[in-house]
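Report on the structure given below.
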(Lines of atoms letter the chains of each structure in order from A and count residues from 1; the text may use other names and numbers.)
(Lines give C-alpha, C1' and ligand atoms only; values in the text may rest on other atoms or scores of the structure.)
Protein backbone atom coordinates (compact mmCIF):
# COMPACT_ATOMS: atom_id res chain seq x y z
CA UNK A 1 0.00 0.00 0.00
CA UNK A 2 1.49 3.38 -0.91
CA UNK A 3 2.07 6.14 1.64
CA UNK A 4 -0.79 8.32 0.38
CA UNK A 5 -3.37 5.54 0.47
CA UNK A 6 -2.23 4.36 3.90
CA UNK A 7 -3.09 7.79 5.33
CA UNK A 8 -6.74 7.52 4.21
CA UNK A 9 -8.66 6.66 7.37
CA UNK A 10 -12.31 6.14 8.28
CA UNK A 11 -13.86 7.31 11.53
CA UNK A 12 -17.37 7.19 12.96
CA UNK A 13 -18.39 10.75 13.79
CA UNK A 14 -20.36 11.13 17.01
CA UNK A 15 -19.64 14.52 18.56
CA UNK A 16 -21.98 17.47 18.06
CA UNK A 17 -19.15 19.64 16.71
CA UNK A 18 -17.97 17.06 14.15
CA UNK A 19 -21.55 16.31 13.09
CA UNK A 20 -22.18 20.02 12.46
CA UNK A 21 -18.94 20.27 10.47
CA UNK A 22 -19.92 17.22 8.41
CA UNK A 23 -23.38 18.61 7.62
CA UNK A 24 -21.81 21.91 6.55
CA UNK A 25 -19.50 20.01 4.19
CA UNK A 26 -22.48 18.19 2.67
CA UNK A 27 -24.30 21.48 2.13
CA UNK A 28 -21.20 22.97 0.47
CA UNK A 29 -20.95 19.97 -1.86
CA UNK A 30 -24.63 19.42 -2.70
CA UNK A 31 -26.45 22.65 -1.75
CA UNK A 32 -28.80 20.52 0.37
CA UNK A 33 -28.90 21.01 4.15
CA UNK A 34 -29.72 17.79 6.00
CA UNK A 35 -31.52 18.07 9.36
CA UNK A 36 -29.40 17.55 12.48
CA UNK A 37 -32.02 15.16 13.91
CA UNK A 38 -31.77 13.02 10.77
CA UNK A 39 -27.97 12.95 11.08
CA UNK A 40 -28.16 11.99 14.76
CA UNK A 41 -30.24 8.93 13.83
CA UNK A 42 -27.66 7.72 11.33
CA UNK A 43 -24.11 6.39 11.42
CA UNK A 44 -21.83 9.12 10.06
CA UNK A 45 -18.54 7.93 8.59
CA UNK A 46 -15.92 10.61 8.03
CA UNK A 47 -13.04 9.99 5.66
CA UNK A 48 -9.76 11.64 6.61
CA UNK A 49 -6.52 12.22 4.74
CA UNK A 50 -3.65 13.39 6.93
CA UNK A 51 -6.18 14.21 9.68
CA UNK A 52 -8.25 16.43 7.36
CA UNK A 53 -11.91 15.62 6.64
CA UNK A 54 -12.01 14.98 2.88
CA UNK A 55 -15.17 12.92 2.38
CA UNK A 56 -17.77 10.75 4.01
CA UNK A 57 -21.25 9.31 4.06
CA UNK A 58 -24.20 8.59 6.34
CA UNK A 59 -25.70 5.13 6.82
CA UNK A 60 -29.40 5.22 7.69
CA UNK A 61 -30.63 1.78 8.74
CA UNK A 62 -34.11 2.47 10.08
CA UNK A 63 -37.11 4.60 9.05
CA UNK A 64 -37.49 7.44 8.28
CA UNK A 65 -35.74 7.51 4.87
CA UNK A 66 -35.34 10.81 3.06
CA UNK A 67 -35.17 9.07 -0.32
CA UNK A 68 -38.76 7.84 0.21
CA UNK A 69 -39.94 11.09 1.79
CA UNK A 70 -39.87 12.85 -1.58
CA UNK A 71 -41.63 10.10 -3.57
CA UNK A 72 -45.29 10.96 -4.36
CA UNK A 73 -47.91 9.00 -2.42
CA UNK A 74 -49.46 7.56 -5.60
CA UNK A 75 -46.16 5.83 -6.41
CA UNK A 76 -45.98 4.40 -2.90
CA UNK A 77 -49.50 3.02 -3.29
CA UNK A 78 -48.99 1.55 -6.75
CA UNK A 79 -45.44 0.17 -6.73
CA UNK A 80 -45.02 -3.36 -5.26
CA UNK A 81 -41.70 -2.43 -3.65
CA UNK A 82 -43.56 -0.51 -0.95
CA UNK A 83 -45.15 -3.72 0.31
CA UNK A 84 -41.76 -4.62 1.82
CA UNK A 85 -41.00 -4.00 5.48
CA UNK A 86 -39.12 -0.69 5.83
CA UNK A 87 -36.90 -2.32 8.46
CA UNK A 88 -35.46 -4.44 5.65
CA UNK A 89 -34.29 -1.23 3.95
CA UNK A 90 -31.45 1.24 4.39
CA UNK A 91 -30.11 4.28 2.58
CA UNK A 92 -26.84 6.11 2.17
CA UNK A 93 -27.07 9.88 2.32
CA UNK A 94 -24.70 12.80 2.61
CA UNK A 95 -22.17 11.08 0.38
CA UNK A 96 -19.37 13.34 -0.77
CA UNK A 97 -15.79 13.05 -1.97
CA UNK A 98 -13.58 16.09 -1.66
CA UNK A 99 -10.99 17.08 -4.24
CA UNK A 100 -8.27 15.39 -2.17
CA UNK A 101 -9.74 11.96 -3.02
CA UNK A 102 -8.73 12.32 -6.63
CA UNK A 103 -6.68 9.25 -7.51
CA UNK A 104 -8.38 6.01 -8.63
CA UNK A 105 -6.66 4.14 -5.78
CA UNK A 106 -8.04 6.48 -3.12
CA UNK A 107 -11.48 6.42 -4.70
CA UNK A 108 -11.45 2.62 -4.84
CA UNK A 109 -10.65 2.42 -1.14
CA UNK A 110 -13.46 4.88 -0.38
CA UNK A 111 -16.06 2.93 -2.37
CA UNK A 112 -15.00 -0.49 -1.08
CA UNK A 113 -15.22 0.72 2.50
CA UNK A 114 -18.73 1.99 1.77
CA UNK A 115 -19.73 -1.34 0.18
CA UNK A 116 -18.38 -3.20 3.23
CA UNK A 117 -20.38 -0.99 5.61
CA UNK A 118 -23.55 -1.51 3.58
CA UNK A 119 -23.05 -5.28 3.51
CA UNK A 120 -22.40 -5.47 7.26
CA UNK A 121 -25.61 -3.51 7.94
CA UNK A 122 -27.43 -6.71 6.83
CA UNK A 123 -30.38 -4.96 5.21
CA UNK A 124 -32.02 -6.59 2.20
CA UNK A 125 -32.61 -3.42 0.17
CA UNK A 126 -30.47 -0.36 -0.44
CA UNK A 127 -32.44 2.75 -1.41
CA UNK A 128 -30.87 4.97 -4.05
CA UNK A 129 -31.67 8.62 -4.66
CA UNK A 130 -29.80 11.18 -6.73
CA UNK A 131 -30.14 14.46 -8.54
CA UNK A 132 -31.43 13.51 -12.01
CA UNK A 133 -28.89 15.93 -13.50
CA UNK A 134 -25.92 14.26 -11.79
CA UNK A 135 -24.85 11.75 -14.42
CA UNK A 136 -21.77 10.68 -12.45
CA UNK A 137 -23.84 9.41 -9.51
CA UNK A 138 -26.36 7.92 -11.93
CA UNK A 139 -23.55 6.00 -13.60
CA UNK A 140 -22.33 4.67 -10.23
CA UNK A 141 -25.87 3.67 -9.25
CA UNK A 142 -26.32 1.87 -12.57
CA UNK A 143 -23.34 -0.36 -11.78
CA UNK A 144 -25.50 -1.97 -9.07
CA UNK A 145 -28.34 -2.84 -11.49
CA UNK A 146 -31.00 -0.77 -9.68
CA UNK A 147 -34.75 -0.74 -10.21
CA UNK A 148 -35.97 2.84 -10.55
CA UNK A 149 -39.51 3.45 -9.30
CA UNK A 150 -39.64 7.25 -9.53
CA UNK A 151 -38.02 10.01 -11.55
CA UNK A 152 -39.31 13.57 -11.49
CA UNK A 153 -39.89 16.53 -9.20
CA UNK A 154 -39.59 15.76 -5.46
CA UNK A 155 -42.77 15.81 -3.40
CA UNK A 156 -41.69 18.55 -0.98
CA UNK A 157 -43.30 19.68 2.25
CA UNK A 158 -43.10 23.33 3.33
CA UNK A 159 -39.53 24.14 4.34
CA UNK A 160 -38.00 21.07 2.69
CA UNK A 161 -35.21 21.51 0.17
CA UNK A 162 -33.98 19.06 -2.43
CA UNK A 163 -32.92 18.86 -6.07
CA UNK A 164 -35.32 20.11 -8.76
CA UNK A 165 -35.58 16.59 -10.17
CA UNK A 166 -34.73 13.32 -8.45
CA UNK A 167 -34.20 9.70 -9.40
CA UNK A 168 -35.22 7.14 -6.76
CA UNK A 169 -34.95 3.38 -6.77
CA UNK A 170 -33.36 0.44 -5.01
CA UNK A 171 -30.91 -2.37 -5.36
CA UNK A 172 -30.28 -5.37 -3.13
CA UNK A 173 -27.44 -5.92 -0.72
CA UNK A 174 -26.17 -8.88 -2.73
CA UNK A 175 -26.49 -7.12 -6.07
CA UNK A 176 -24.32 -4.33 -4.70
CA UNK A 177 -21.61 -6.77 -3.59
CA UNK A 178 -21.70 -8.96 -6.70
CA UNK A 179 -21.42 -5.94 -8.99
CA UNK A 180 -18.63 -4.27 -6.98
CA UNK A 181 -15.95 -5.65 -9.39
CA UNK A 182 -17.49 -3.46 -12.12
CA UNK A 183 -16.49 -0.40 -10.17
CA UNK A 184 -12.96 -1.76 -9.78
CA UNK A 185 -12.74 -2.25 -13.55
CA UNK A 186 -14.06 1.27 -14.14
CA UNK A 187 -11.42 2.70 -11.81
CA UNK A 188 -8.68 0.68 -13.52
CA UNK A 189 -9.86 2.05 -16.86
CA UNK A 190 -9.85 5.59 -15.45
CA UNK A 191 -6.38 5.06 -14.00
CA UNK A 192 -5.15 3.94 -17.41
CA UNK A 193 -6.68 7.03 -19.05
CA UNK A 194 -5.04 9.27 -16.44
CA UNK A 195 -1.63 7.70 -17.10
CA UNK A 196 -2.03 8.01 -20.86
CA UNK A 197 -3.08 11.63 -20.48
CA UNK A 198 -0.04 12.39 -18.31
CA UNK A 199 2.28 10.76 -20.85
CA UNK A 200 0.67 12.72 -23.68
CA UNK A 201 1.07 16.01 -21.80
CA UNK A 202 4.72 15.20 -21.05
CA UNK A 203 5.27 14.37 -24.73
CA UNK A 204 3.63 17.64 -25.81
CA UNK A 205 5.82 19.63 -23.41
CA UNK A 206 8.93 17.88 -24.72
CA UNK A 207 7.99 18.79 -28.31
CA UNK A 208 7.46 22.44 -27.37
CA UNK A 209 10.87 22.58 -25.70
CA UNK A 210 12.67 21.27 -28.82
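Numbering (the numbering used here), first residue to last: 7 to 216.
C-beta: ideal position from N, C-alpha, C; glycine also.
Computed from a predicted structure; not experimentally measured.
Enclosing beta strand (DSSP E) for residue i [first to last residue]
i, result
"residue 34", "Careful: residue 34 lies outside any beta strand (DSSP E), inside the alpha helix (DSSP H) at 22 to 36."
"residue 18", "14 to 19"
"residue 59", "58 to 66"
"residue 134", "131 to 137"
Bridge-paired residues (DSSP) for residue i
i, result
"residue 157", "173"
"residue 50", "19, 64"
"residue 55", "14, 58"
Backbone CA spacing between residue i and residue j [nearest angstrom]
i, j, result
"residue 74", "residue 25", "23 Å"
"residue 185", "residue 114", "14 Å"
"residue 155", "residue 55", "37 Å"
"residue 29", "residue 108", "21 Å"
"residue 102", "residue 136", "12 Å"
"residue 59", "residue 17", "10 Å"
"residue 95", "residue 104", "28 Å"
"residue 31", "residue 97", "19 Å"
"residue 112", "residue 92", "33 Å"
"residue 100", "residue 50", "9 Å"
"residue 21", "residue 116", "22 Å"
"residue 15", "residue 188", "24 Å"
"residue 159", "residue 72", "14 Å"
"residue 19", "residue 42", "13 Å"
"residue 47", "residue 127", "15 Å"
"residue 272", "residue 69", "Absent from the model: residue 272. The displayed extent of the chain is 7 to 216, so no value can be given."
"residue 27", "residue 45", "12 Å"
"residue 191", "residue 37", "31 Å"
Residues of its chain near residue i, where Cβ-Cβ distance is below 7 Å and the 5 sequence neighbours each way are ignored
i, result
"residue 88", "82"
"residue 144", "136, 173"
Cβ-based neighbour list, residue i, same chain, cut-off 6 Å, excluding 5 preceding and 5 following
i, result
"residue 161", "76, 78"
"residue 35", "102"
"residue 39", "33"
"residue 85", "155"
Residue i - containing alpha helix (DSSP H), residue span
i, result
"residue 125", "110 to 126"
"residue 103", "Taken as a continuous stretch (DSSP letters only), residue 103 belongs to no alpha helix (DSSP H), being part of the beta strand (DSSP E) at 95 to 103."
"residue 80", "79 to 84"
"residue 74", "72 to 75"
"residue 184", "179 to 184"
Chain-order list of residues whose beta-carbon lies under 8 Å from that of residue i (same chain, five-residue window excluded)
i, result
"residue 224", "This structure cannot speak to residue 224, because the chain is shown only from 7 to 216."
Inset, instruction - Take every Cβ of the segment 120 to 129, pair it with every Cβ of the segment 151 to 161, and state whether three or more of those distances are shorter than 8 Å. - result: A contact between stretches requires three or more CB pairs, one per stretch, nearer than 8 Å, and the segment 120 to 129 fails this requirement with the segment 151 to 161.
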